[in-house]
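In terms of our numbering, the sequence shown opens at residue 240 and continues consecutively.
Note that beta-carbon positions come from the ideal geometry of N, C-alpha and C, so glycine has one too.
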Amino acid sequence: MSILLMWYNGPSVVIGRHQNPWVECSVNFCEANGISIARRNSGGGTVYHDFGTASKLGKNNAYHHCTVLVDADETQLHQALHRDLESVKSKATSSLRAKVINLNSVCSDVDIIKVIDAVKDYFKQLYEVTPENILCIHPSEDKCPGIKKIQEELKSWEWQFGRTPQFSITKSFPVSFPLFDSETKKHVFNVVIHMIVVKGRIQSINFEPKVLKNESYETLNRSIVNSCLSPKILDTCSKWVLDCDDKIVCEFVQYCISDMILDIFQ
240 MSILLMWYNG
250 PSVVIGRHQN
260 PWVECSVNFC
270 EANGISIARR
280 NSGGGTVYHD
290 FGTASKLGKN
300 NAYHHCTVLV
310 DADETQLHQA
320 LHRDLESVKS
330 KATSSLRAKV
340 INLNSVCSDV
350 DIIKVIDAVK
360 DYFKQLYEVT
370 PENILCIHPS
380 EDKCPGIKKI
390 QEELKSWEWQ
400 FGRTPQFSIT
410 KSFPVSFPLF
420 DSETKKHVFN
430 VVIHMIVVKG
440 RIQSINFEPK
450 VLKNESYETL
460 NRSIVNSCLS
470 PKILDTCSKW
480 VLDCDDKIVC
490 EFVQYCISDM
500 ILDIFQ
């Protein structure tokens with residue numbers, strides 16, 4: 240049996256089941272501009288509704304889905320999706336970048352409703368669909384029992400971000416002020432910070448060389464390890480610095496961690 244489902248929604252970035260949202264899109268830009276971020280059940284790359292294609296094969300069924308750009312804001316699209324994070328290493332599925340075009344730039348009188356009608360009419364003719372099998376549904380709990388629970392699960396942090404495959408963030412920072420060499424005040428060495436993120440939570444953070452005192456490092460670990468990767472970590476680090484004895488070094492580390500986190504969310 241072949242079934243055609245069509246719908247349209249507001250601007251959305253939809254990532255594949257095995258993708259990294261922080262790499263695939265600008266989380267901050269999307270949140271600031273009302274662009275929803277969603278993770279779908281099928282694999283493949285990231286799409287900006289409306290464009291892209293992906294599929295999922297099951298034991299007894301399969302589905303293939305595609306989206307079409309009709310009159311989307313292309314500037315907003317590129318700002319939402321452009322990412323080039325050299326600091327992130329991951330085995331998550333990467334999207335293939337592709338040039339896009341709106342249908343109404345080719346045919347100015349095209350709109351979403353006309354596209355839906357055209358696809359519907361072709362499918363109806365191709366599969367000899369009778370009128371009683373063409374339905375217009377506004378999903379609700381009454382018509383689709385259990386849909387609210389599904390919506391809550393798909394909108395949850397655990398699904399959107401917590402299902403992200405393990406990845407690491409590594410960045411090098413030059414020590415170029417009188418932090419360790421008060422006489423020369425020159426670039427002494429680089430501090431490399433390596434952070435591992437598992438299921439959207441910081442699993443570990445390490446420094447090379449070890450610039451923090453043991454007590455400060457252990458306190459930092461207790462403060463941020465197992466925390467969700469989010470800008471809230473910046474507040475946590477600020478509080479951590481207040482309790483440090485080696486404040487100059489801790490402030491430097493705080494600056495480095497802030498830079499890494501903000502870079503991920505830009």
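Between C375 and A331, the alpha-carbon positions lie close to 37 Å from each other. For the set P448, S497, R279, Q315, the Cα lying nearest the Cα of S265 is the one of Q315. At a Cβ-Cβ threshold of 9 Å, V450 and V492 count as neighbours. By DSSP's assignment, L296 forms a beta bridge with A301.
Here DSSP, grouped into helix, strand and coil, assigns H433 to strand. Relative to N280, the option among G273, W261, A301, A271 whose CA is nearest is A301. It is roughly 34 Å from the alpha-carbon of F504 to the alpha-carbon of H377.
Using a Cβ distance threshold of 9 Å, E371 and V339 do not count as a contacting pair. In this chain, the alpha helix (DSSP H) harbouring V358 covers 351–365. Non-local C-beta neighbours of S411 in its own chain, meaning closer than 6 Å and more than five positions away in sequence, comprise N429, V431, ordered along the chain.
Going by DSSP, R278 is part of the beta strand (DSSP E) stretching over 275–278. In the pairwise beta carbon analysis, the region 463–476 is classified as touching the region 437–445: at least three pairs are separated by under 8 Å. Proximity to G284 across V488, S333, C305 peaks at S333, based on C-alpha coordinates. Shown here for F290: same chain residues with a beta carbon closer than 6 Å to its own, the five before and five after excluded, namely T306, L308, V339 in chain order. Between N341 and the set L296, K328, I352, D310, the nearest pair of CA atoms involves D310.
Taking a C-beta distance under 9 Å as the contact criterion, T403 and Q258 qualify as a contact pair. Taking every protein chain shown into account, the CB of H303 has fewer than 16 other CB atoms within 10 angstroms, so this residue is exposed. Cβ contact annotation for V349 (same chain, cutoff 6 Å, sequence separation greater than five): L342, N343, in chain order.
Taken atom to atom, the span from the alpha-carbon of P448 to that of E380 is near 56 Å. By the Cβ neighbour-count rule, E367 is exposed, with fewer than 16 other Cβ atoms within 10 Å of its own. Judged by beta-carbon spacing, I355 lies within the 9 Å limit of M245, meaning their Cβ atoms are closer than that value. Around the beta-carbon of M499, 16 or more other beta-carbon atoms lie within 10 Å, marking it buried.
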